[in-house]
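These notes are about the structure you will find just below.
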Amino acid sequence: MTEEKDIRILALKCPSCGGALKVLPGADRAQCEHCGSTVLIVNARTGETRIDSIAPDTPEAAAARKRVIKIALWGTAITIALPILTTVLVSIIIAVVFLILGIALFGVSR
Numbered sequence: 017m018t019e020e021k022d023i024r025i026l027a028l029k030c031p032s033c034g035g036a037l038k039v040l041p042g043a044d045r046a047q048c049e050h051c052g053s054t055v056l057i058v059n060a061r062t063g064e065t066r067i068d069s070i071a072p073d074t075p076e077a078a079a080a081r082k083r084v085i086k087i088a089l090w091g092t093a094i095t096i097a098l099p100i101l102t103t104v105l106v107s108i109i110i111a112v113v114f115l116i117l118g119i120a121l122f123g124v125s126r
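17 is the number of the first residue of the sequence shown in our numbering; add one for each residue after it.
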């Protein structure tokens with residue numbers, strides 16, 4: 017049976033704004049619903065409740081991350097599409113060359 021002195025109730029507050037944090041059982045992070053800050057809960061299962069503040073992204077950091085993702089996606093698309101487009105273009109050029117050679121050698125028949 018658990019004695020009353022073994023029970024501790026902790027009110028978790030956001031280190032950035034002081035708003036209340038809701039932490040799900042077994043979670044290692046919580047996000048403040050008020051300011052968006054994320055807190056990392058270290059060693060929550062062992063009883064140590066050290067919470068470190070992780071500052072929310074600045075608009076500049078979010079924009080920079082979006083640019084990097086956009087560049088990566090374009091690079092991937094070009095890497096995939098360029099060989100396909102090159103193959104199609106070469107096939108069209110070969111077909112046109114054979115068409116011209118066929119007309120030059122055999123003429124146009126009606």
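Built from N, CA and C at the ideal position, the CB exists for glycine as well.
Which residues mark the beginning and the end of the beta strand (DSSP E) in which residue i is found?
i: Ala88; result: Where Ala88 is concerned, there is no enclosing beta strand (DSSP E), although the alpha helix (DSSP H) it sits in stretches over Pro75 to Phe122.
i: Ala46; result: Arg45 to Gln47
Below 7 angstroms CB to CB, which residues in the same chain sit around residue i once its five sequence neighbours on both sides are set aside?
i: Leu37; result: Leu28, Lys29, Cys30, Ala46, Cys48 and Val55
Note down, in chain order, each residue of its chain lying with its Cβ closer than 8 angstroms to the Cβ of residue i, except the 5 sequence neighbours on either side.
i: Ala93; result: none
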